[in-house]
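Using the UniProt record's numbering, you'd call the opening residue of the sequence shown number 1 and step up by one each time. All C-beta atoms in this analysis are idealised placements derived from N, C-alpha and C, irrespective of residue type, glycine included. Following: one structure in structure tokens, then a few remarks.
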Amino acid sequence: MTEPNVRCVVFGHEKDAALIEVLRFLRGFSAVYGSGLSLHTEIAATAPDLEALLTTELQSNVIQVNPRHEHGGLFARISLDKNELVLFGKTAIVDWMKHELLATRYSSNHNRAFDVTSDVPPLRLFISGDRAQVGKSTVCLGLLGTLLQSGYAAKDVAYIKPATQCEKPQLVTKFCRQEGITCCEVGPIVFYKGFTREFLEGKTDASSMQLLDKAKQKIREVGRGKQVVVVDGVGYPAVGSICGVSNAHVAQTLAMPVVLVGKRGVGDAVDSFNLNATFFESHGVKVLGAIFNRLPEDGFYGLEYCRKYVTAYFQQFQPGKHVYGFLPELTDGGHSALDAENTEEDQDESVTSVFLTKAESELAEKVVDAFARRVDVMKLLADVRAYQAEGNKESMGSAKEVTSTA
């Protein structure tokens, strides 16, 4: 069955904030929808100019999906299956895309895509970093929030931290609870005080392989019926290697590709990326690229300066890897709050709430907004999808080879 081609033209005037929000949504939605969706915009200078465009559109044979409540507001014309539809307002456009277009596509052509019993694995992405406090959990939160903005339902994404040094709820897990995202904040591997000594003395109740298998099963459990699973690393890449359960070992168990969260700067940032990427690659783990975090807005090592030269390096010397974005330092210190993993203060603090406070909610909103504006999520998802698809082809090829020689 041939998939329908959909053409969506969004009409709005340049000073309309709702237009910007809709375009941001559609940018991510197109990655979710895949091929067959063509997006266009018609920008009017003023509301009266937009009204004139609407008058022209309504003169053709179109179906008005919802009532029009205001003059001069944004609207969209959608061409689907020889039907011409007009929708008025941001809410109607977003809801129709999410609940009508996406649902219709997958119910007719991929009717097992959202089946919780489906054997089709979700997109899995492992987020690691140069060190503790570099911003891994910030990136995870930003990615999850951007996925929600881009059209994913909360039930379709999940978050897990399979190995941790901290049993205290982090802001990213509070965000998940608030938004209804499935999350596992404390996985089967917990590096509690004295764990390494007990492990080496044979006093723990599980071997390296057993711990990795538990992590593997937990990631699968959390991801059952999901479309995207964000897997949060712990500390720097080699944390846990003394016990055979480093970040690279965990990523390797489910052939998860890695995105590294990099530090500020140019030379040091690139050198650190190469060092950490090499560790993962030595374990057979694919490193897709990096997101560089906590960059000052200006100065000699300002965000734009680093973007220019770090991007130039990757284009010249690492063409197989991608820089997905550069995130600024939050002026209110939000990154530190988001990424607190295991400080002394954490150990003494009584955890009385697992939900976001008002201040934390505002902070999370800032992180998501910065991530949505500055990180190429569409490219990131496409790269994860392409890597997993290639892995599936190789698995199928190996299975055929075994069958033919049997």
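Minimum C-alpha distance to residue i - residue among the options
{"i": "T146", "options": "V384, D369 and E390", "result": "D369"}
{"i": "A277", "options": "E179, D298, A248 and E329", "result": "A248"}
{"i": "S150", "options": "G391, R24 and A52", "result": "R24"}
{"i": "R124", "options": "E57, I20 and A255", "result": "A255"}
{"i": "residue 410", "options": "T91, L58 and P122", "result": "The structure shown has nothing for residue 410, since the chain only spans 1 to 406."}
{"i": "C306", "options": "P48, T182, A372 and D268", "result": "D268"}
{"i": "L380", "options": "T357, E360 and K321", "result": "K321"}
{"i": "Y324", "options": "F300, V245 and M378", "result": "M378"}
{"i": "V22", "options": "E201, A372 and Y313", "result": "A372"}
{"i": "F126", "options": "V234, T91 and A92", "result": "V234"}
{"i": "H69", "options": "D81, K358, K82 and T91", "result": "T91"}
Residue range of the unbroken alpha helix (DSSP H) whose run includes residue i
{"i": "T56", "result": "A47 to L58"}
{"i": "C176", "result": "L171 to E179"}
{"i": "T138", "result": "K136 to Q149"}
{"i": "R373", "result": "K358 to R374"}
{"i": "N276", "result": "G267 to S282"}
{"i": "A248", "result": "N247 to T253"}
{"i": "R77", "result": "Note, R77: premise wrong, no alpha helix (DSSP H); beta strand (DSSP E) at F75 to L80."}
{"i": "A92", "result": "K90 to W96"}
{"i": "G131", "result": "Here residue 131 turns out to be Arg, not Gly, going by the sequence shown. Taken as a continuous stretch (DSSP letters only), R131 belongs to no alpha helix (DSSP H), as it is neither H nor E."}
{"i": "L260", "result": "Note, L260: premise wrong, no alpha helix (DSSP H); beta strand (DSSP E) at V258 to G262."}
{"i": "R197", "result": "F195 to L200"}
Cβ-based neighbour list, residue i, same chain, cut-off 6 Å, excluding 5 preceding and 5 following
{"i": "R131", "result": "Y236"}
{"i": "V94", "result": "F25"}
{"i": "S79", "result": "R7"}
{"i": "Q316", "result": "none"}
{"i": "T311", "result": "V323"}
Contacts around residue i, its chain only, beta-carbon distance under 7 Å, and the 5 residues preceding and following it disregarded
{"i": "F273", "result": "L260, G262 and A290"}
{"i": "L53", "result": "F11, E42 and A44"}
{"i": "G73", "result": "F88 and G89"}
{"i": "G334", "result": "Because the pLDDT of G334 is 44, which lies under 50, any placement of that residue in the model is unreliable, and the number read from its coordinates should be weighed accordingly. Within the same chain, G334 has close Cβ partners L363, K366 and V367."}
{"i": "E84", "result": "S60, N61, V62, I63 and R77"}
{"i": "R385", "result": "L123"}
{"i": "Q217", "result": "none"}
{"i": "S241", "result": "none"}
{"i": "E344", "result": "Only weak support is given to the placement of E344: the predicted model assigns it a pLDDT of 36, under 50, and the value that follows is read from those uncertain coordinates. There are no such residues."}
N-terminal and C-terminal residue of the beta strand (DSSP E) that residue i is part of
{"i": "S208", "result": "Unbroken run through S208 is the alpha helix (DSSP H), S208 to G223; no beta strand (DSSP E)."}
{"i": "F314", "result": "Counting along the chain, F314 falls outside any beta strand (DSSP E), though it belongs to the alpha helix (DSSP H) covering L303 to F317."}
{"i": "G289", "result": "V287 to L295"}
{"i": "A44", "result": "L37 to A44"}
{"i": "V228", "result": "V228 to D232"}
{"i": "T182", "result": "T182 to C184"}
{"i": "I242", "result": "Unbroken run through I242: none, as it is neither H nor E."}
{"i": "H99", "result": "Element bounds for H99: n/a, residue is neither H nor E."}
{"i": "V65", "result": "Where V65 is concerned, there is no enclosing beta strand (DSSP E), given that its DSSP letter is neither H nor E."}
Sub-9 Å separation of residue i and residue j beta-carbons
{"i": "residue 483", "j": "P257", "result": "Shown here, the chain extends from 1 to 406; a query on residue 483 therefore has no answer."}
{"i": "V139", "j": "C184", "result": "no"}
{"i": "V270", "j": "L327", "result": "no"}
{"i": "residue 408", "j": "C243", "result": "Limits of the chain in this structure are 1 at one end and 406 at the other, which puts residue 408 out of reach."}
{"i": "L288", "j": "D213", "result": "no"}
{"i": "V86", "j": "E51", "result": "no"}
{"i": "R220", "j": "R264", "result": "no"}
{"i": "T164", "j": "I189", "result": "yes"}
Close Cβ partners of residue i (< 8 Å) along its chain, the five nearest in sequence each way excluded
{"i": "V116", "result": "Model confidence at V116 stands at a pLDDT of 37, short of 50, so the residue's coordinates are unreliable; what they give is reported in the following sentence. Contacts found: R224 and G225."}
Any chain C beta carbon closer than 9 Å to residue i
{"i": "Y192", "result": "Among the chains in the structure shown there is no chain C, since it carries only a single protein chain."}
Taking one C-beta from the stretch 194-213 and one from the stretch 93-101 each time, how about it: are there three or more such pairs within less than 8 Å? The stretch 194-213 is not in contact with the stretch 93-101.
Assess contact between the stretch 211-229 and the stretch 158-165, defined as three or more Cβ pairs (one per stretch) separated by less than 8 Å. Is contact present? With a cut-off of 8 Å, the stretch 158-165 and the stretch 211-229 count as touching, because enough Cβ pairs lie within range.
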